[in-house]
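*Asks:* Throughout the sequence shown, residue numbering follows mature numbering (1 follows the signal peptide of the UniProt record, and there is no 0), covering -33 to -1, 1 to 209 in sequence. Beta carbons are placed, not taken as given, at the ideal position from N, Cα and C, and that holds for glycine. Since we're looking at a predicted model, the values are computed, not measured.
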Amino acid sequence: MTALHPIPRHCRAWRARFAATLAALLACAAAQAGRPLVTEDAAVLGDGECTVETYWGRFAADAAATTRLLSSQFACDVGHRTQLAIAAARVRDSDGHGDALTAAGKTVFAGGQGGAAEWSLAYGAVARRTRGLRMEMDQLYATLVTTVALGRATSAHLNLGWAGGRHPRDDSTRWAVAVETAVSDELHLMAETFADDRNPAPWLQAGFWVTLSPRLSFNASYGRKTGSGAASGVTLGLTASF
């Protein structure tokens, strides 16, 4: 689908840069770890536990470059300290809409006992469809994740990952760091920063989740990309466990 009005060349270039920035963010967020973080945490779901996560996001560089996202994910523990997930997302901007389908997994392989740092590997594959074209495999990724306790109620999550696209020029190395603190059993606050080597100016983001019932929580985040022409994004989500 094309825009209703011709877009000047300098605006097209700006929107292309914004799209590249946003693509890096959405690729990280396609299969969410623990909403509302983009940074993965090392823990996996408990024995036999499953979750459904749904969130809405709005990302903007200016009035002409606004993208909206609606994503849902189903994840389950499958034993052997591993969880698997499937996520579907609809992305819409002024030029039309696209779809993303992500198959993801995470396996804990070390630590997590007696306060020791926990280590895991997150991995997945992303297929995309844009402007009515067929769904095509777009990306494979793997991320080394560690979670370290900083105190009784605070922890840090650190990520270092690689993503490979259909073309070598699409490959990227990614990093992310988050700090999460439990104000109470019902309320967690968090802040994070993340980037990749194709878009090195990092995002800065803050968020929270709050328990609404024993099996339902609400979460939200707000972030900005540093550097000139900074983009911003806000998300709202619900997570249900069973």
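1) Quick one: complete beta strand (DSSP E) runs, 3+ long, within the stretch 48 to 114?
2) Over what stretch of residues does the beta strand (DSSP E) that includes V177 continue unbroken?
3) Round the Cβ separation of A27 and S199 to the nearest angstrom and send it over; I've been treating them as touching at under 8 Å.
4) Where does R35 sit, in a helix, a strand or coil, going by DSSP?
5) Could you check what DSSP says for residue 211 in three-state terms: helix, strand or coil?
6) Roughly how many angstroms separate the alpha carbons of E20 and A56, rounded to a whole number?
7) Can you name the start and end residues of the beta strand (DSSP E) that V150 belongs to?
8) I think T6 touches N166, with their Cβ atoms under 8 Å apart; what is that distance to the nearest whole Å?
9) Locate the beta strand (DSSP E) running through V201, then write down its first and last residues.
10) Check R25 in the structure and name its three-state DSSP category.
11) Let me make sure I understand the geometry here. Which of T202, A92 and G15 has the alpha-carbon closest to that of A54?
12) With burial defined as no fewer than 16 other Cβ atoms inside 10 Å of the residue's Cβ, what is the status of G65: buried or exposed?
13) Expressed to the nearest angstrom, what Euclidean distance is found between the alpha-carbon atoms of F76 and L203?
*Replies:* In short, the structure shows the following:
1) 49 to 60, 63 to 78 and 85 to 97
2) Along the sequence shown, read from residue 1 onward, the residue named residue 177 stands at position 210. Segment N166 to S180, the beta strand (DSSP E) holding V177.
3) On the sequence shown, residue 27 is found 60 positions in, with the first residue counted as 1. On the sequence shown, residue 199 is found 232 positions in, with the first residue counted as 1. Indeed they touch by this definition, with Cβ atoms about 6 Å apart.
4) As a position in the sequence shown, residue 35 is number 68, starting the count at 1. Correct three-state label for R35: strand.
5) Coverage of the chain is limited to positions -33 through 209, which leaves residue 211 absent and any answer about it impossible.
6) Taking the first residue of the sequence shown as position 1, residue 20 is located at position 53. Taking the first residue of the sequence shown as position 1, residue 56 is located at position 89. Straight-line Cα distance between these residues: approximately 12 Å.
7) Stepping through the sequence shown from its first residue, residue 150 is reached at position 183. Where V150 is concerned, there is no enclosing beta strand (DSSP E), given that its DSSP letter is neither H nor E.
8) Start at 1 with the first residue of the sequence shown, and residue 6 comes out as number 39. Start at 1 with the first residue of the sequence shown, and residue 166 comes out as number 199. The pair is not a contact, with the Cβ atoms about 16 Å apart (cut-off 8 Å).
9) Start at 1 with the first residue of the sequence shown, and residue 201 comes out as number 234. Where V201 is concerned, the enclosing beta strand (DSSP E) stretches over S199 to S208.
10) Taking the sequence shown and counting its residues from 1, the one referred to as residue 25 is at position 58. Three-state DSSP puts R25 in a strand.
11) Numbered from 1 along the sequence shown, position 87 holds the residue referred to as residue 54. Residue A92 is the option with its Cα nearest to A54.
12) Reading the sequence shown from its first residue, position 98 is the one you call residue 65. With 16 or more other Cβ atoms within 10 Å, it is buried.
13) Walking along the sequence shown from the start, residue 76 turns up at place 109. Walking along the sequence shown from the start, residue 203 turns up at place 236. Going by the C-alpha atoms only, they are around 31 Å apart.
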